[in-house]
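Peer 1: Let me give you the structure first, and then I'll get to my questions.
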Amino acid sequence: MRPTLLPAPLLLAVLLACQVARCFLLEGSATSYAQFRKWNAGLNGTLEFEFKTEQGNGLLLYTDDGGTYDFFEVKLVESALRLRYNLGGGAQIVTVGHDLGDGHWHKVQITRCNENTTLTVDGVGAVSTSRGKEFEFGKLAGNSDVYVGGMPSWYNSKLTLLALPSVIFEPRFNGFIRNLVYADGENTVPRRQEMKSRDVKCGGFPCVESTNKRKSPRALRVYFFLFQLIEYINSPFTIGTLFLLICLIRLYKIHFSSYHHFGFEAAS
Ligand SMILES: *[C@@H]1O[C@H](CO)[C@@H](O)[C@H](O)[C@H]1NC(C)=O
Ligand SMILES: *[C@@H]1O[C@H](CO)[C@@H](O)[C@H](O)[C@H]1NC(C)=O
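If you use UniProt numbering, the sequence shown corresponds to residues 1 to 268, in order.
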């Protein structure tokens, strides 16, 4: 007997659907944030992500050099997108966009190019030029991770580790984030970043579907709990693995309903 093979187009379709669903909700509570690996921007790194919110203010992203000078802070201020950053020659501010708290997805890009840093939202960009002699972003070993939507509360008692201590007072972001993608010294090809899973517990709820409907907080909490439970029982499991697992279960459900005959034919 030959082994049953999964129909490849179906497998692809399901995997794609799961990829699309990889956004997460930040509830904007006093402890919510998501954490990603360092962005080693260097002289020519890029970083992008998409957000969707109905609020006009909130901290979207922060990363710094561990408490010296350099930082990048992206936030919504009265529904406009504001980048504040420092590469050593003094803080710079770039603001683009308006009405960004309109409940639709918006795409943000930060592009480093030597002395210039470009902030783009939905294809419209503004360039800012840094003063100084060198334009590297910190030093990889000492740089912080990339925080999205808020800062971990342990920073409250470690303000000296922040290049921009006021960041901990920024209102947290309440809404959806997806497709955090960056290129840097570690990966010169832009790639999607995976949330550091232990920090999902601090309030980053993975979206269950890619629909525009907001799940009720209660439903999210249940999913969140399940994610946590599975992580707890089997720690090597990551959210990604879980998504794949769900994909697989769905795949099998579809497989055994509409592709019943195919399955038998392939097996015979
Ligand atoms: C930086 O921007 C300025 C003004 O927009 C431009 O003249 C210069 O060529 C840019 N430098 C780089 C390295 O792109
Ligand atoms: C940055 O520049 C270096 C050297 O030119 C190159 O190898 C690398 O691919 C570039 N990185 C990005 C993210 O473009």
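Think of the CB as a built atom: it goes at the ideal place given N, C-alpha and C, for glycine as much as any other residue.
Let me check understanding here. Comparing Cα to Cα, which of S32, G88, F49 and K133 lies closest to R191?
Peer 2: Start at 1 with the first residue of the sequence shown, and residue 191 comes out as number 191. Comparing Cα-Cα distances from R191 to each of S32, G88, F49 and K133, the minimum goes to F49.
Peer 1: Scan the segment 78 to 128 and note each continuous beta strand (DSSP E) run of 3 residues or more that stays entirely inside, going in chain order.
Peer 2: 80 to 86, 91 to 96, 106 to 113 and 116 to 121
Peer 1: Measuring CA to CA, which of G88, Q55 and D65 is closest to E78?
Peer 2: Counting from 1 along the sequence shown, the entry for residue 78 is found at position 78. It is Q55 whose Cα lies nearest to the Cα of E78.
Peer 1: Please write down, chain order preserved, every residue whose beta carbon lies under 7 Å from a heavy atom of ligand 4.
Peer 2: This structure simply doesn't include ligand 4; it includes ligand 1 and ligand 2 instead.
Peer 1: What is the DSSP secondary structure of L15, reduced to helix, strand or coil?
Peer 2: Within the sequence shown, numbered from 1, the residue matching residue 15 stands at position 15. Legend: pLDDT at L15 = 48, less than 50; position of this residue unreliable, no value from coordinates given.
Peer 1: I'd like to check one pair, T118 with G125: are the Cβ atoms closer than 8 Å?
Peer 2: Counting from 1 along the sequence shown, the entry for residue 125 is found at position 125. Counting from 1 along the sequence shown, the entry for residue 118 is found at position 118. Yes, Cβ-Cβ distance for G125 and T118 is below 8 Å.
Peer 1: What would DSSP say about N179, mapped onto helix, strand or coil?
Peer 2: Here residue 179 is taken as the residue at index 179 of the sequence shown, counted from 1. If DSSP states are grouped into helix, strand and coil, N179 belongs with the strands.
Peer 1: With G58 and R172 assumed to form a contact (beta carbons below 8 Å), what rounded beta-carbon distance in angstroms separates them?
Peer 2: As a first step, residue 58 must be located in the sequence shown, where it is residue number 58. As a first step, residue 172 must be located in the sequence shown, where it is residue number 172. The pair is a contact, with the Cβ atoms about 6 Å apart (cut-off 8 Å).
Peer 1: Counting Cβ pairs closer than 8 Å, one from the segment 25 to 35 and one from the segment 146 to 156, do we hit at least three?
Peer 2: yes
Peer 1: To the nearest angstrom, how far is the alpha carbon of F243 from that of M195?
Peer 2: Taking the first residue of the sequence shown as 1, we reach residue 243 at position 243. Taking the first residue of the sequence shown as 1, we reach residue 195 at position 195. Caution is warranted here: a pLDDT of 47 is assigned to F243, below 50, making its placement in the model unreliable, and the coordinate value is therefore given only provisionally. Rounded to the nearest angstrom, the two C-alpha atoms are 13 Å apart.
Peer 1: Does the segment 21 to 30 come close enough to the segment 156 to 163 to have 3 or more Cβ pairs within less than 8 Å?
Peer 2: When C-beta atoms of the segment 21 to 30 are compared with those of the segment 156 to 163, fewer than three pairs fall below 8 Å, so the two segments do not count as touching.
Peer 1: Cβ-heavy atom distance between A183 and ligand 2 below 7 Å?
Peer 2: On the sequence shown, residue 183 is found 183 positions in, with the first residue counted as 1. Yes.
Peer 1: Got a sec: does ligand 2 put a non-hydrogen atom nearer than 7 Å to the Cβ of N44?
Peer 2: Here residue 44 refers to the residue found at position 44 of the sequence shown. Flag set: Cβ of N44 near ligand 2.
Peer 1: Using the Cβ count rule (16 or more neighbours within 10 Å means buried), how would you classify A163?
Peer 2: For the purposes of this step, residue 163 is identified with residue 163 of the sequence shown, where counting begins at 1. Looking at its Cβ environment, which holds 16 or more other Cβ atoms inside 10 Å, A163 is buried.
Peer 1: Could you pull out every residue in the same chain whose Cβ sits closer than 6 Å to the Cβ of W39, ignoring the five residues on either side in sequence?
Peer 2: In the sequence shown, counting from the first residue as 1, residue 39 sits at position 39. Cβ within range, chain order: L47, T63, V146, Y182 and D184.
Peer 1: Distance, Cα to Cα, L87 vs R131?
Peer 2: On the sequence shown, residue 87 is found 87 positions in, with the first residue counted as 1. On the sequence shown, residue 131 is found 131 positions in, with the first residue counted as 1. Answer to the nearest angstrom: the Cα atoms are 8 Å apart.
Peer 1: Would you mind reading off the limits of the beta strand (DSSP E) that contains L164?
Peer 2: Taking the sequence shown and counting its residues from 1, the one referred to as residue 164 is at position 164. Careful: L164 lies outside any beta strand (DSSP E) and carries neither H nor E.
Peer 1: What do you get for A141, buried or exposed, if any count of 16 or more other CB atoms within 10 angstroms of its CB means buried?
Peer 2: Taking the sequence shown and counting its residues from 1, the one referred to as residue 141 is at position 141. It counts as exposed.
Peer 1: For ligand 2, any of its heavy atoms closer than 7 Å to the Cβ of T188?
Peer 2: Sequence index remark: in the sequence shown, residue 188 carries index 188 (1-based). Result yes, Cβ under 7 Å from ligand 2.
Peer 1: Starting from H194, follow its DSSP beta bridges and name the residues at the other end.
Peer 2: Here residue 194 is taken as the residue at index 194 of the sequence shown, counted from 1. According to the sequence displayed, residue 194 carries Glu and not His. DSSP lists no partner for E194.
Peer 1: Could you name the residues of the same chain whose beta carbon sits closer than 7 Å to that of Y69, not counting the 5 residues immediately before and after it, in chain order?
Peer 2: Translated into the one-based positions of the sequence shown, residue 69 becomes position 69. Excluding five sequence positions before and after Y69, the CB atoms of its chain that fall closer than 7 Å to its own CB belong to N86, G88 and A163, given in chain order.
Peer 1: By a C-beta neighbour count over all protein chains shown, 10 Å radius and 16 as the cutoff for buried, is D65 buried or exposed?
Peer 2: Numbered from 1 along the sequence shown, position 65 holds the residue referred to as residue 65. The residue is buried, with at least 16 neighbouring Cβ atoms inside 10 Å.
Peer 1: For a quick check, are the C-beta atoms of L83 and F71 less than 8 Å apart?
Peer 2: To locate residue 83, count along the sequence shown from 1; it is residue 83. To locate residue 71, count along the sequence shown from 1; it is residue 71. No, the Cβ-Cβ distance between L83 and F71 is not below 8 Å.
Peer 1: Here's the rule I'm using: 16 or more other beta-carbon atoms within 10 Å means buried, otherwise exposed. How should N174 be labelled?
Peer 2: Numbered from 1 along the sequence shown, position 174 holds the residue referred to as residue 174. With 16 or more Cβ atoms within 10 Å of its Cβ, N174 is classed as buried.
Peer 1: Give the C-beta separation of L25 and F176 to the nearest angstrom, bearing in mind that I take them to be a contact with Cβ-Cβ under 8 Å.
Peer 2: Looking up residue 25 in the sequence shown gives position 25. Looking up residue 176 in the sequence shown gives position 176. Indeed they touch by this definition, with Cβ atoms about 5 Å apart.
Peer 1: Could you compute how far the alpha carbon of E134 sits from the alpha carbon of L100?
Peer 2: Residue mapping note: residue 134 aligns to position 134 of the sequence shown, counting from 1. Residue mapping note: residue 100 aligns to position 100 of the sequence shown, counting from 1. Taking the straight line joining both Cα atoms gives about 33 Å.
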